[in-house]
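In my numbering, the protein residues as written are 63 to 215.
Positions of the beta carbon are idealized from the N, C-alpha and C atoms, including for glycine.
Given below as C-alpha cells:
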C-alpha cells in the first residue's frame, strides 16, 4: 500500500511552499479526521501564518505577490476568505486580512470551548517560534508540534 502523508505533514510542506490554501484545507481535513483542541489551534495558526505572510509582502511593497496570493486562495475551497478574485492587490490585502481574521476568530472560539488552557499553551509555543524566526515564521510550524508522519496528531 502506498504511503499517504498525514494532513499535518502535508500542511507543513504547503506552508514552506507558500501554498496557504492547501495548508488551510489540510488542517481542515485534520480536524475532520482527529478533532481536538490542538487540531483547531493548528488551523488557527495557519490563518495566523497566512496573515503574517500577507503583512510581510505589504511591508515590502510586493503587491504583485499579494495579488497572486489572493488568486491562489480562490482557486477552490476557501472562497470565504476572498471574493472576487480579480481585485486590485491593495484591496486584495485588506479583503484577505479581514477574511482571515473572521475565520481565525471563529476557529479560536471553537478551540477555546474545547480546552482554553491547552489552546493557550499551544499559543505560547507559537510566540516562541515567531521570536526565534522573525523573518519567516509563517513558512513553518513550531518544532514541538512534530507535524511529520503521525506524531503531529
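Taking residue 99 as the reference, which of 192, 194, 199, 183 has the closest Cα? Taking the first residue of the chain shown as 1, we reach residue 99 at position 37. Selected option, being the one with the closest Cα: 183.
Close Cβ partners of residue 116 (< 8 Å) along its chain, the five nearest in sequence each way excluded: Taking the chain shown and counting its residues from 1, the one referred to as residue 116 is at position 54. Correct list, in chain order: 128, 131, 155, 158, 159, 162.
Ordered along the chain, which non-local residues of its own chain (more than five positions away) have a Cβ less than 6 Å from that of residue 84? Along the chain shown, one-based indexing puts residue 84 at 22. Correct list, in chain order: 76.
Determine the direct distance from the alpha carbon of residue 203 to that of residue 136, and round the result to whole angstroms. In the chain shown, the residue the question calls residue 136 occupies position 74. In the chain shown, the residue the question calls residue 203 occupies position 141. Inter-residue distance for residue 136 and residue 203 is about 24 Å (C-alpha atoms, whole angstroms).
Report all residues from its chain with a CB closer than 7 Å to the CB of residue 120; omit the five preceding and five following residues, and keep chain order. Locating residue 120 in the chain shown gives position 58, counting from the first residue. Excluding sequence neighbours, residue 120 sits near 128, 155.
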